[in-house]
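Before any comments, here is the structure.
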Amino acid sequence: MIQVFTALTGTSGELAAVTRDVLAGIEEEGVPYAVTTVAEDVPVADLARRAAMRSPLQVGVGIGAGGGVCVHHDMLEDPLPELSSADPADSAAARTLGHNAARIVVGLPLKPD
Numbered sequence: 004m005i006q007v008f009t010a011l012t013g014t015s016g017e018l019a020a021v022t023r024d025v026l027a028g029i030e031e032e033g034v035p036y037a038v039t040t041v042a043e044d045v046p047v048a049d050l051a052r053r054a055a056m057r058s059p060l061q062v063g064v065g066i067g068a069g070g071g072v073c074v075h076h077d078m079l080e081d082p083l084p085e086l087s088s089a090d091p092a093d094s095a096a097a098r099t100l101g102h103n104a105a106r107i108v109v110g111l112p113l114k115p116d
């Protein structure tokens, strides 16, 4: 199961839309996920790192208060820039990052931006 950490703060409508797009990308690849809301205001890369540490599949997604998205694998020291978005992530980028989080788990090639 991919662990998804979302920030509690932020513009709720925008954050909800980004979260929905990320989860849709994960679902389309057929990988289960769990969502946890985090009350702390921390950088999106830290959210992704924490999520990966809690995930049994070692893949985590962080969605920051500004709507930025970061995908991380627990075996990596630092998140890869190619698996992160700007604040806020647009719909297509958020969905692609969801796909890529799931594809890391399944072992498929990543989707291009």
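113 is the number that the numbering used here gives to position 110 of the sequence shown; each next residue is one higher, with no gaps. All C-beta atoms, glycine included, are put in the ideal place defined by N, C-alpha and C.
Which residues DSSP lists as bridging residue i, in chain order
i: V41; result: A10
i: I29; result: BP columns for I29 are empty, so no partner.
i: V47; result: Paired residue(s): none; V47 is not in a bridge.
i: S88; result: None; S88 has no bridge partner.
Buried/exposed call for residue i, threshold 16 Cβ in 10 Å
i: V109; result: exposed
i: A97; result: buried
i: L100; result: buried
i: L83; result: exposed
i: D116; result: exposed
i: P35; result: exposed
i: D44; result: exposed
i: A104; result: buried
i: A54; result: buried
Euclidean distance between Cα positions of residue i and residue j
i: M56; j: S87; result: 18 Å
i: P59; j: P112; result: 21 Å
i: R52; j: G63; result: 7 Å
i: T40; j: I107; result: 23 Å
i: P91; j: C73; result: 11 Å
i: E32; j: G16; result: 25 Å
i: A10; j: R23; result: 14 Å
i: E124; j: K114; result: The displayed coordinates of the chain run from 4 to 116. Any statement about residue 124 would go beyond what the structure contains.
i: I29; j: H102; result: 5 Å
Where the alpha helix (DSSP H) containing residue i begins and where it ends
i: V109; result: 94-109
When the options are compared against residue i, the one with the closest alpha-carbon
i: L26; options: D49, V7, V47; result: V7
i: D93; options: Y36, A20, P46, G65; result: A20
i: H76; options: A89, L50, G69, A68; result: L50
Unbroken beta strand (DSSP E) run spanning residue i, endpoints
i: V62; result: 62-66
i: V72; result: 72-76
Residue i: CB within 6 Å of a non-hydrogen atom of the ligand HEM
i: R53; result: With respect to the ligand HEM, the structure offers nothing, as it holds no ligand at all.
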